[in-house]
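Visitor: One point on numbering: in numbering that gives the first Met the number 0, the residue at position 132 of the sequence shown is 131, and numbering is uninterrupted. The beta-carbon is built from N, C-alpha and C at its ideal position, and this holds for glycine as well. Predicted model only: the values in this text are computed from it and were never measured. Sharing a structure here in structure tokens format.
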Amino acid sequence: MHLELTEEQTMMRDTCRSFAREELLPKAAEIDERGEFPKEQVQRMAEIGLMGVAVSADYEGAGMDNVSYALAMEEISAGCASCGVIMSVNNSLVCDPIAKFGSAEQKKQWLPDLASGRKLGCFALSEPGTGSDAAAQTTVAVKDGHEWVINGSKNFITNGNDADMCIVFAMGDKSKGVKGINAYLVPADTKGYSVAKNEKKLGIKGSSTSQINLDDVRLPASAMLGTEGLGFKVAMTTLDGGRIGIAAQALGIARQALEEARDYSLERQAFGGPISDLQAIQFMLADMAIEVDAARLLIWRAAALKDKGARFTTESAMAKLYASEMSNRVTNKALQIFGGYGYCKDYPAERHLRDARITEIYEGTSEVQRLVIARSVLTGGR
Ligand code: CAA
């Protein structure tokens, strides 16, 4: 068993680490404060190949593996969690399904622009009434000759306000249940497609989270991603990969919080010395370090399985569940080490805690991950 990174993976990690420390970290508080899309930073991320890490170079992607992608996500999210999720959605939820399920024409049409960062994508599965129960889609797609007409409303769509295109899921044949769901590639300037609302959030404030309305959105048959009825499978397979990205985002946030808490503990004086001399603080740092490492190992395993072409549904659910809950525990302890200062905005501890919170919710709540894992346990999958 090899746990060493390849030369290419190490290079990816180191490049992203320097970039995040030099260009993202110094801006992260401002991005959070302003709550605006970090255009300049995303542009820089695109220049270093981060908007299509695992997309083939034939389509202007970086052509790297999924372990590299997870490494990049950890580093970028350590610098700026909002930049992390913007990158994750474009890579995992948009480029990935187009590369996997798209026709040659669709790949040619979308991948170069998305992977190079000239365009940004979003993924519209959730609806006001169907979050965890993704199979209960109420957005409808009706066939009209050679076209599809879509009507409905999607919510909590990351990148929604800033995206140039969207992967939309809709029910094409209700009588077939989950096998009646279709996926479509929808340019954001299509008539009837509109951003109805942008949410005000607790954290990851630099990324948009929007409601999207679809009013008689008319699409050619060629806009369908995959075949008729394959939409739910497209969504679930895509989320398997997406969960690795969000797990790595949670990991990056936690690692940054741990490092800052460690540095602070070495400086902060109390009871006649730095608080790092106190066992109470040392034990917290030790527990945080174990959890950060354990999450990383789960993430690497899921990413390595994806690279091998093996099924990794359970492993990515485990990685996402553990990393997101770990990130909440670790950022909470980090804030505790900062004490009263941690509760104030002069230090980034409170931002890390706010940014970590969403990782337990989006791309499948902790409860959904437990469901996926339990099903695997109960059916003898492990
Ligand atoms: N890969 C491939 N196929 C899968 C699959 C997977 N991981 N999971 C399920 N399927 C298939 C099943 O095999 C089944 O097909 P067959 O009948 O042919 O076998 C079909 O899909 C239905 O599966 P289930 O019976 O398991 O479906 P379910 O209705 O019980 O739902 C669920 C399962 C796990 C709860 C699912 O609904 C789910 O994952 N919900 C959470 C949705 C989610 O993560 N939303 C996030 C939105 S995106 C987002 O958050 C982006 C962002 O902002 C950053």
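By DSSP, does Leu-218 sit in helix, in strand, or in coil?
Guide: Sequence index remark: in the sequence shown, residue 218 carries index 219 (1-based). In this structure, Leu-218 counts as strand in the three-state DSSP scheme.
Visitor: Tell me which residue opens and which closes the beta strand (DSSP E) that Met-164 is part of.
Guide: In the sequence shown, the residue the question calls residue 164 occupies position 165. Here the beta strand (DSSP E) through Met-164 covers 164-170.
Visitor: What's the call for Gln-278, buried or exposed, on a 16-neighbour Cβ count within 10 Å?
Guide: The sequence position of residue 278 within the sequence shown is 279, counting from 1. By the 10 Å Cβ count, Gln-278 comes out exposed.
Visitor: CB of Lys-232 to nearest heavy atom of the ligand CAA: below 7 Å?
Guide: Numbered from its first residue, the sequence shown carries residue 232 at position 233. Checking the Cβ of Lys-232 against the ligand CAA gives yes.
Visitor: Can you tell me the Cα-Cα spacing of Glu-290 and Ala-355, whole angstroms?
Guide: Stepping through the sequence shown from its first residue, residue 290 is reached at position 291. Stepping through the sequence shown from its first residue, residue 355 is reached at position 356. Distance between the alpha carbons of Glu-290 and Ala-355: 14 Å.
Visitor: Under the DSSP definition of a beta bridge, which residues are partnered with Ile-30?
Guide: What you label residue 30 is simply residue 31 of the sequence shown in a count that begins at 1. Its beta-bridge partners do not exist; DSSP assigns none.
Visitor: Name the DSSP bridge partner or partners of Ala-294?
Guide: Counted from its first residue, the sequence shown places residue 294 at position 295. Note: Ala-294 sits in no beta bridge, so no partner.
Visitor: Between which two residues does the alpha helix (DSSP H) containing Ala-38 stretch?
Guide: Taking the sequence shown and counting its residues from 1, one reaches residue 38 at position 39. The displayed chain sequence assigns Lys, not Ala, to residue 38. Run containing Lys-38: 38-46, per the alpha helix (DSSP H) assignment.
Visitor: Could you tell me the boundaries of the alpha helix (DSSP H) in which Pro-111 lies?
Guide: Here residue 111 corresponds to residue number 112 of the sequence shown, with the count starting at 1. From DSSP, the alpha helix (DSSP H) with Pro-111 extends over 103-115.
Visitor: Under a three-way DSSP split, which group does Pro-127 fall into?
Guide: Along the sequence shown, read from residue 1 onward, the residue named residue 127 stands at position 128. Note: Pro-127 maps to coil in three-state DSSP.
Visitor: Exposed or buried, which one is Ala-53 when buried takes at least 16 other CB atoms within 10 Å?
Guide: For the purposes of this step, residue 53 is taken as residue 54 along the sequence shown, with counting starting at 1. Ala-53 is buried by the Cβ-count criterion.
Visitor: Kindly identify the DSSP beta-bridge partner or partners of Lys-153.
Guide: For the purposes of this step, residue 153 is identified with residue 154 of the sequence shown, where counting begins at 1. DSSP output for Lys-153 lists Ile-211 as bridge partner(s).
Visitor: With a threshold of 7 Å, establish whether the CB of Met-235 neighbours any heavy atom of the ligand CAA.
Guide: Within the sequence shown, residue 235 is the residue found at index 236, counting from 1. Answer for Met-235: yes, Cβ within range of the ligand CAA.
Visitor: Any heavy atom of the ligand CAA closer than 7 Å to the Cβ of Asp-95?
Guide: Walking along the sequence shown from the start, residue 95 turns up at place 96. Not so, every heavy atom of the ligand CAA lies at least 7 Å from the Cβ.
Visitor: Cβ of Ala-134 versus every heavy atom of the ligand CAA: is any distance shorter than 7 Å?
Guide: By 1-based counting over the sequence shown, the position of residue 134 is 135. Under cutoff, so the answer is yes.
Visitor: Taking three-plus beta-carbon pairs below 8 Å as touching, is the stretch 131-143 in contact with the stretch 168-176?
Guide: Because the criterion of three Cβ pairs below 8 Å is met, the stretch 131-143 and the stretch 168-176 touch.
Visitor: Assess contact between the stretch 263-280 and the stretch 191-210, defined as three or more Cβ pairs (one per stretch) separated by less than 8 Å. Is contact present?
Guide: Contact fails: fewer than three Cβ-Cβ distances are below 8 Å.
Visitor: Apply the 10 Å Cβ neighbour rule to Thr-9 and answer buried if 16 or more other Cβ atoms are within range, or exposed otherwise.
Guide: Here residue 9 refers to the residue found at position 10 of the sequence shown. By the 10 Å Cβ count, Thr-9 comes out exposed.
Visitor: Tell me the rounded alpha-carbon separation between Ser-206 and Cys-79.
Guide: Against the sequence shown, residue 206 aligns to sequence position 207. Against the sequence shown, residue 79 aligns to sequence position 80. Whole-angstrom Cα-Cα distance: 11 Å.
Visitor: Which ranges does the beta strand (DSSP E) cover as unbroken runs of at least 3 residues, wholly within the stretch 232-294, from first to last along the chain?
Guide: The stretch 232-294 contains no whole beta strand (DSSP E) run of 3 or more residues.
Visitor: Could you give the DSSP three-state label for Gly-380: helix, strand or coil?
Guide: Along the sequence shown, one-based indexing puts residue 380 at 381. Correct three-state label for Gly-380: coil.
Visitor: Is Gln-368 buried or exposed, if buried means 16 or more other CB atoms sit within 10 Å of its CB?
Guide: The count along the sequence shown starts at 1 and reaches residue 368 at position 369. Result: buried.
Visitor: Going by DSSP, name the residue or residues bridged to Asp-143.
Guide: Translated into positions along the sequence shown, residue 143 becomes position 144. In DSSP, Asp-143 forms a bridge with Glu-146.
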